[in-house]
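Just so we're aligned: 120 in numbering that gives the first Met the number 0 is position 121 of the sequence shown, and the numbers increase by one with no gaps anywhere.
Virtual Cβ for every residue (Gly too), placed ideally from N, Cα, C.
Keep in mind that this is a model prediction, so the values were computed, not measured.
Encoded as structure tokens, the structure appears first; notes follow it.
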Amino acid sequence: MSASITREQLLAAAKEFGTPLYVYHAERIIAQYRKLQTAFAATDTRIFYACKALTNINILRLLKTIDAPIDCSSINEVKLALHAGHAPENVLYTSNGIAFSEIAEAKELGVNINIDSLSNLEKFGKAYGHSYPVGIRLKPNIMAGGNLKISTGHENSKFGIPVEQIDDVIALMQAHNIHIRGLHIHTGSEIKDVEVFIKGLDVLFELMPRFPELGFIDLGGGFKVPYKDGDEGTDITALGKAIATAFEKVQTTYGKPLQVWFEPGKFIVSEAGYFITEVNVLKHNPQISFAGVNSGFNHLIRPMFYDAFHRIENISNPDGVKKTYTVTGNICETDNFATDRYLSEISEGDFLVFYNAGAYGFEMSSNYNSRYKPAEVLYKDGKAHLIRRRDNFEDLLRNQPFVL
Ligand SMILES: Cc1ncc(COP(=O)(O)O)c(C=O)c1O
Numbered sequence: 000m001s002a003s004i005t006r007e008q009l010l011a012a013a014k015e016f017g018t019p020l021y022v023y024h025a026e027r028i029i030a031q032y033r034k035l036q037t038a039f040a041a042t043d044t045r046i047f048y049a050c051k052a053l054t055n056i057n058i059l060r061l062l063k064t065i066d067a068p069i070d071c072s073s074i075n076e077v078k079l080a081l082h083a084g085h086a087p088e089n090v091l092y093t094s095n096g097i098a099f100s101e102i103a104e105a106k107e108l109g110v111n112i113n114i115d116s117l118s119n120l121e122k123f124g125k126a127y128g129h130s131y132p133v134g135i136r137l138k139p140n141i142m143a144g145g146n147l148k149i150s151t152g153h154e155n156s157k158f159g160i161p162v163e164q165i166d167d168v169i170a171l172m173q174a175h176n177i178h179i180r181g182l183h184i185h186t187g188s189e190i191k192d193v194e195v196f197i198k199g200l201d202v203l204f205e206l207m208p209r210f211p212e213l214g215f216i217d218l219g220g221g222f223k224v225p226y227k228d229g230d231e232g233t234d235i236t237a238l239g240k241a242i243a244t245a246f247e248k249v250q251t252t253y254g255k256p257l258q259v260w261f262e263p264g265k266f267i268v269s270e271a272g273y274f275i276t277e278v279n280v281l282k283h284n285p286q287i288s289f290a291g292v293n294s295g296f297n298h299l300i301r302p303m304f305y306d307a308f309h310r311i312e313n314i315s316n317p318d319g320v321k322k323t324y325t326v327t328g329n330i331c332e333t334d335n336f337a338t339d340r341y342l343s344e345i346s347e348g349d350f351l352v353f354y355n356a357g358a359y360g361f362e363m364s365s366n367y368n369s370r371y372k373p374a375e376v377l378y379k380d381g382k383a384h385l386i387r388r389r390d391n392f393e394d395l396l397r398n399q400p401f402v403l
């Protein structure tokens with residue numbers, strides 16, 4: 000199995016399905032998942048794919064083919080996972096700041112639930128008492144993650160119940176006899192440092208003796224992948240070993256079998272995704288050569304929203320002489336994909352591919368400027384499958400009845 004899609008396949012897809020176009024590699028997604036299974040094999044682990052990263056039902060179905068459970072961040076993601084054929088016990092809803100009605104709906108659907116506020120925990124206790132096991136999301140006061148926008152475990156974060164309010168959790172648990180069977184934290188994304196996960200684990204280990212009915216500890220997602228040459232990802236093998244050692248110790252003291260749950264998104268799909276655009280115009284002024292493509296931050300928001308770096312390649316002229324370009328979008332806003340990027344010489348009509356586009360790419364896209372959302376293609380067994388057609392004008396008009 001090749002670990003990536005070839006330039007020729009990307010060019011063929013661009014010609015067959017048009018651009019802008021997201022392309023995903025099924026075998027790579029499965030290989031990434033298998034890597035995690037291997038890394039954590041020494042511990043009783045469940046690895047939930049955080050589908051917020053890439054939610055196409057065919058990707059959810061692909062994960063089902065390898066019995067990979069799904070982590071969701073909205074009730075609709077829960078419904079999509081069930082629609083794709085996942086059993087309720089293999090679906091986890093890790094909510095934040097949601098209306099209790101969504102938790103009630105998730106309970107009716109029979110899925111796993113992590114609750115992230117005292118308010119919803121109290122409502123849950125009043126409504127269901129001990130009848131339905133639940134996990135609680137805690138805020139461990141750990142600063143981690145690639146940048147502040149993707150750091151979710153620090154003191155000022157909105158996510159989770161602050162660990163310093165644990166007495167209130169215990170009081171609710173006792174008052175309503177709530178079956179708390181899991182403790183959850185997610186400290187952020189793009190966490191390279193294995194120590195951060197162990198620190199999070201230590202915070203939970205401290206609290207465990209106060210929760211007699213635990214069945215799992217959920218450490219969330221956040222594994223880092225390389226985005227550019229020389230980048231290092233999270234050493235998941237080292238993490239697997241560290242988790243196994245830490246868990247062995249605690250398992251005995253806790254005296255009951257415990258699972259470790261993870262919710263990786265980016266690690267599973269980022270490198271398996273490619274975003275292909277076509278160069279509309281070249282503009283040269285004394286300082287800058289602009290390459291304007293037929294897309295913008297409405298389709299791939301990460302560069303503008305997170306200052307994220309995506310490797311770009313001119314697949315129409317891969318061996319051309321290198322020149323420096325600023326790659327921009329066609330949105331009527333400042334939307335730079337990359338500035339001063341050294342790329343092989345670009346001509347209008349060339350195809351530029353953005354790598355690491357599998358996570359938080361299509362899912363964060365919009366119809367801003369009434370531009371159509373891109374199409375999505377899945378390569379599996381060397382064959383390209385259209386898994387989402389590009390928007391058309393009717394799609395823009397859908398839900399807009401004239402009232403005047
Ligand atoms: C609760 C939770 N779990 C898992 C993830 C997946 O994170 P990543 O894609 O960095 O692995 C996120 C992402 O923000 C999250 O908020």
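- In this structure PHE401 is exposed. Its beta-carbon is surrounded by fewer than 16 other beta-carbon atoms within 10 angstroms.
- LEU120 and VAL224 have their C-alpha atoms some 34 Å from each other.
- With a cutoff of 7 Å, LYS157 does not count as near ligand 1, since its C-beta is closer than that to no heavy atom of the ligand.
- CYS331 carries a coil assignment under DSSP once its states are collapsed to helix, strand and coil.
- Exclusion of the five residues before and after LYS51 leaves SER72, GLU76, GLY264, GLU362 as the residues of its chain whose Cβ lies within less than 7 Å of its Cβ.
- ILE114: member of the beta strand (DSSP E) spanning 111-114, first to last residue.
- Judged by pairs of C-beta atoms under 8 Å, the stretch 27-41 does not touch the stretch 167-183, as fewer than three such pairs exist.
- For ALA98, there is no enclosing beta strand (DSSP E), since its DSSP letter is neither H nor E.
- Note on geometry: alpha-carbon atoms of ILE135 and VAL202 lie some 14 Å from one another.
- The three-state reading of DSSP puts PRO302 in helix, counting H, G and I together.
- Secondary structure of GLU393 (DSSP, three-state): helix.
- In the three-state reduction of the DSSP assignment, GLU277 falls in the strand class, which pools E and B.
- At the C-beta level, VAL376 and GLY328 stay beyond 8 Å of one another.
- In this structure, the straight-line span from the alpha carbon of VAL168 to that of LEU257 is close to 21 Å.
- Sorting PRO285, ASP349, MET303 by C-alpha distance to the C-alpha of ILE314 places ASP349 at the top.
- Separation of LYS14 and VAL352 (C-alpha to C-alpha, rounded to the nearest whole angstrom) is 13 Å.
- In this structure the stretch 82-89 does not lie against the stretch 147-157, because fewer than three pairs of beta carbons, one per stretch, are closer than 8 Å.
- Within the stretch 23-107, the runs of alpha helix (DSSP H) at least 4 residues long that lie entirely inside it are, in chain order, 25-38, 56-64, 74-82.
- With contacts defined as CB atoms closer than 8 Å, THR44 and VAL259 qualify as a contacting pair.
- Boundaries of the alpha helix (DSSP H) around SER118: 117-127.
- Within the same chain, and ignoring the five residues on either side of LEU206 in sequence, the residues whose Cβ sits closer than 8 Å to its Cβ are LEU137, VAL162, ILE165, LEU182.
- For TYR378, the pairing in a beta bridge is given by DSSP as HIS24, ALA383.
- Under the 10 Å beta carbon count, THR276 is surrounded by 16 or more other beta carbons and is classified as buried.
- In this chain, the beta strand (DSSP E) harbouring GLU312 covers 311-313.
- Contact annotation: the stretch 53-65 touches the stretch 22-31, with at least three C-beta pairs closer than 8 Å.
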